[in-house]
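Going by numbering that gives the first Met the number 0, the first residue of the sequence shown is number 0, and it counts up by one from there. Ideal placement from N, C-alpha and C gives every residue a C-beta, glycine not left out. What follows is a short report on a single structure.
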Amino acid sequence: MEMKNFILIIVAIGLIIGSCAKINRPDIEDKEKALKISQVYRTTGYARDVHISDNTIYVAQDETGIIIFDRTSGDIIGEKNDIPAEYITVLEQDSFMVTYSNKDKLFHCYDFTNLDSIYEIGYGFEDWYSRHPKLLTVNATKDTLQISYITKEEFFIKKYYLTLYSWQLLSGGSDLTFSDKVLKDYEIEEDYIYFSANQCGFFISDYTGQIIGTEDTPGEALAVKVIGDYAYIADRQAGLQVIDISDKENPRLLDGYDVNYGYAQSVDVEGNYLAVGFGGGGIYLFSISNPAIPQFIDKIGADEVGYIYKCVFSNGELFLASRDRGVIRLTIS
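Now the structure itself:
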């Protein structure tokens with residue numbers, strides 16, 4: 000009798016755990032191939048970050064600096080190889096870009112009006128943990144910029160006056176500290192900032208620094224993309240996680256998708272497509288026709304695309320910053 004009761008208890012526990020599980024593995028068997036490699040842009044160093052415009056590809060290389068390609072021909076149309084770069088942000092209409100280098104822990108500003116002679120306007124020291132700079136504005140004379148970025152525990156929107164050897168902080172902006180968090184990525188909206196915060200999961204803040212809502216994730220939240228009422232999280236070992244943010248005070252974890260190999264560390268969305276870069280596990284493509292329930296479409300493994308640092312959609316195509324291959328252009332059929 001005791002043995003029967005023990006077995007019943009074990010079965011009950013298993014049912015409870017199974018009903019709470021949020022991790023699914025996409026069925027990748029017997030799927031028609033939707034992703035196809037159409038072009039490879041060979042970089043001179045590891046492609047860590049990439050900005051895509053209609054005609055141009057801007058790449059941050061963590062060994063050899065900046066390289067710029069013509070999107071159609073694949074020709075190299077600009078280079079600046081003196082300072083390694085891990086992040087890049089571009090205002091193409093202003094011929095202005097900012098990189099961040101882990102080598103010297105500095106932000107660097109460049110004018111690329113003449114692609115044959117890209118020159119540095121100024122650099123400024125920030126925190127050793129600075130990451131994900133996003134250029135917001137730059138003035139016509141290119142000596143004043145507004146930029147957002149994060150450090151380990153802080154989020155900033157700041158305006159700077161540029162000189163060659165320093166950035167002079169101007170008034171205004173936001174300076175928020177979250178002392179119990181480890182910030183990894185963020186998305187900005189008019190009233191809210193959405194953060195992925197490693198083992199602290201996902202949270203929403205206003206511009207005063209008040210945390211509006213939080214939701215833990217089963218893995219380590221490394222990247223976030225917000226579309227409408229949903230936040231999509233690259234959750235490292237737990238793959239892709241979907242969070243309903245229609246109620247900002249009570250974000251709710253909906254579902255998750257893991258793979259057999261690789262850690263989710265990059266996510267992007269365009270139209271009804273969602274892509275997740277799984278580092279050494281390749282790239283995965285999902286449909287979000289129903290945004291609450293992504294449906295697996297296709298994948299390409301690391302044997303073809305290498306180790307993926309970042310994935311970016313542009314005009315119906317998908318671009319990958321690959322440690323081993325450079326920048327890869329994928330078409331979707």
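Can you have a look at E188 and say buried or exposed, based on whether 16 or more other CB atoms are within 10 angstroms of its CB? exposed
* To do: For N54, collect the residues of the same chain with a Cβ closer than 8 Å to its Cβ; drop the 5 residues on either side in sequence, then sort them by chain order.
  => D69, R70 and T71
Residue closest to I210, alpha-carbon to alpha-carbon, out of N101, Y159, E219 and C199: C199
Q: Kindly identify the DSSP beta-bridge partner or partners of F312.
A: L317
Please go through the same chain and pick out, in chain order, the residues whose beta-carbon is closer than 7 Å to the beta-carbon of L168, but skip the five residues on each side of it. K157 and Y159
Exercise. Got a sec? Which residues, its chain only, sit under 7 Å from G123 by beta carbon, not counting five neighbours each side?
Worked result: L105, F106, Y159, S165 and W166
Within the present structure, is the beta-carbon of R130 separated from the nearest heavy atom of the ligand SAH by less than 7 Å?
Judged by which ligands are present, the structure shown has none, so any question about the ligand SAH falls away.
Give the DSSP bridge partners of V88, in chain order. Reading off the sequence, residue 88 comes out as Thr, not Val. Per DSSP, V97.
Review point. Would the stretch 38-51 and the stretch 284-295 be scored as touching if the rule is three or more Cβ pairs under 8 Å?
Key: no
Are the beta-carbon atoms of K247 and Y191 separated by less than 8 Å?
yes
Could you give the first and the last residue of the continuous alpha helix (DSSP H) run that contains A301? A301 to V304
* Could you check the C-alpha separation between I271 and S313 for me, to the nearest Å? => What sits at residue 271 in the sequence shown is Asn, not Ile. Roughly 13 Å separates the two Cα atoms.
### Message
Report the CB separation of L239 from Y231 in whole angstroms; it is logged as a contact under 8 Å.
### Response
7 Å
Going straight from the alpha carbon of P177 to that of D110, what length do you get? Residue 177 is actually Phe in this sequence, not Pro. Taking the straight line from one Cα to the other gives about 34 Å.
*Is Y99 near Y118, with beta carbons less than 8 Å apart?*
no
Taking the C-alpha atoms as reference points, what is the distance between S321 and D215? 29 Å
Exercise for review: Determine the DSSP secondary structure at S147, reduced to helix, strand or coil.
Suggested key: strand
Report the rounded CA-to-CA distance for I146 versus G255, giving the unit in angstroms.
33 Å
- Message: Quick check: the Cα distance between K298 and L161, rounded to an integer number of angstroms?
- Response: 44 Å
How far does the beta strand (DSSP E) with S265 in it reach, from first residue to last? S265 to E269
(Q) Quick check on the burial criterion: 16 or more other C-beta atoms within 10 angstroms. Buried or exposed for A263? (A) buried
Short check: CB of V137 to CB of F95, under 8 Å?
yes
Could you pull the DSSP bridge partners for K104 from this structure? According to DSSP, K104 bridges with nothing at all.
Buried or exposed for A196, please, with buried defined as at least 16 other CB atoms from any protein chain shown within 10 angstroms of its CB.
buried
Just curious, the beta strand (DSSP E) that E31 is in, first and last residue?
It is not in any beta strand (DSSP E) - E31 carries neither H nor E in the DSSP assignment.
(message) Give me, in chain order, the residues of the same chain whose beta-carbon lies closer than 7 Å to that of G227; leave out the 5 immediate sequence neighbours on both sides.
(response) P290
Handout entry: DSSP three-state assignment for Y252, whether helix, strand or coil
Key = The sequence shown places Leu at residue 252, not Tyr. The answer is strand: DSSP assigns L252 an E or B state.
*asked:* Between G172, G280 and N80, which has its C-alpha nearest G208's C-alpha?
replied: G172
Please look up how many angstroms separate the CB atoms of D179 and F155, rounded, as I've assumed it's under 8 Å. That belief does not hold up - the Cβ atoms of D179 and F155 are roughly 18 Å apart, past 8 Å.
Return the residue from the list V97, K141 and K35 that minimises the CA-CA distance to S129.
V97
query = Can you tell me the Cα-Cα spacing of V58 and K309, whole angstroms?
reply = 11 Å
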